[in-house]
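Before any comments, here is the structure.
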Amino acid sequence: MLSSDDVVNVSFSEMPWTWSRVLDWRSEKESPSVSVQLMRLVLRRVLAVIIALGLPALAVSAVFLGSDTSAEYKNLVETAPRQVATVVEVREHFRGPTEYVVESNGNRFTLGHSEALDTLEVHPGDTVAYVIDTVDPLWTVGVGDPEYWEPNLARDVFLPVGIVGFSLILALFVIDWLLPAGFERQKKTGRNIRGRRSAEKPTD
Numbered sequence: 000m001l002s003s004d005d006v007v008n009v010s011f012s013e014m015p016w017t018w019s020r021v022l023d024w025r026s027e028k029e030s031p032s033v034s035v036q037l038m039r040l041v042l043r044r045v046l047a048v049i050i051a052l053g054l055p056a057l058a059v060s061a062v063f064l065g066s067d068t069s070a071e072y073k074n075l076v077e078t079a080p081r082q083v084a085t086v087v088e089v090r091e092h093f094r095g096p097t098e099y100v101v102e103s104n105g106n107r108f109t110l111g112h113s114e115a116l117d118t119l120e121v122h123p124g125d126t127v128a129y130v131i132d133t134v135d136p137l138w139t140v141g142v143g144d145p146e147y148w149e150p151n152l153a154r155d156v157f158l159p160v161g162i163v164g165f166s167l168i169l170a171l172f173v174i175d176w177l178l179p180a181g182f183e184r185q186k187k188t189g190r191n192i193r194g195r196r197s198a199e200k201p202t203d
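Note that numbering that gives the first Met the number 0 has the sequence shown beginning at 0, numbered continuously upward.
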């Protein structure tokens, strides 16, 4: 029996509910208590659900967001007055966007930064189409050649499917890494999650 004069030292590292022990999923130390095992199992299942739903959702959102942006930009290009010009000079800057000097109807000017022109890798002598912003006539937007927005199998089909597929595969790998870890000690110690020893098969 303990008296009032006795001193009892308590080590927090030995308490079953410390986060260090709960999160130490693959420790090879002595089997933890049932409460710690349950907590670890719940954490793994929650993480698995978040990853399984989150990664594909992010991938699909990114694909649809890109599609919506492309559709809005395409609508702007199709409704705005289009001009055709010939690229005279491509000015690449170490810092900042590439500028395209073009000539149209004898007038030479510089097109603003254009991801379309950058993607097409436009060179001097190429013919490009452009639209003029009706809000600010001094600002021009390069849109590449007129066929830039034609259906592209690699860009419109394979890329989105690849992004979503890769996310699903990655999620499955993470789930496979998380969930089986909760049952490793059960196989080693012969005990289930409630601490009862599993029945041993009779030996001949």
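Cβ atoms here follow ideal geometry from the backbone N, Cα and C, with glycine treated the same way.
Original post:
Among the residues of its own chain, which have a CB less than 8 Å from the CB of leucine 57, if the five just before and after it don't count?
Top reply: Ser166
Original post:
Taking just the CA atoms, how far does leucine 52 sit from glycine 164?
Top reply: 13 Å
**OP:** Within 10 angstroms of the Cβ of valine 83, are there 16 or more other Cβ atoms? Answer buried if so, exposed if not.
**Re:** exposed
**OP:** Would you mind stating whether glutamate 91 and threonine 85 have Cβ atoms separated by less than 8 Å?
**Re:** no
Subject >> Host beta strand (DSSP E) of valine 100 (start-end) >> reply: 98 to 103
Subject >> phenylalanine 172 - DSSP class collapsed to helix/strand/coil >> reply: helix
**OP:** Can you have a look at isoleucine 50 and say buried or exposed, based on whether 16 or more other CB atoms are within 10 angstroms of its CB?
**Re:** buried
Original post:
Using CA coordinates, which residue listed in Pro55, Leu42, Ser103, Asn106 is at the minimum distance from valine 160?
Top reply: Pro55
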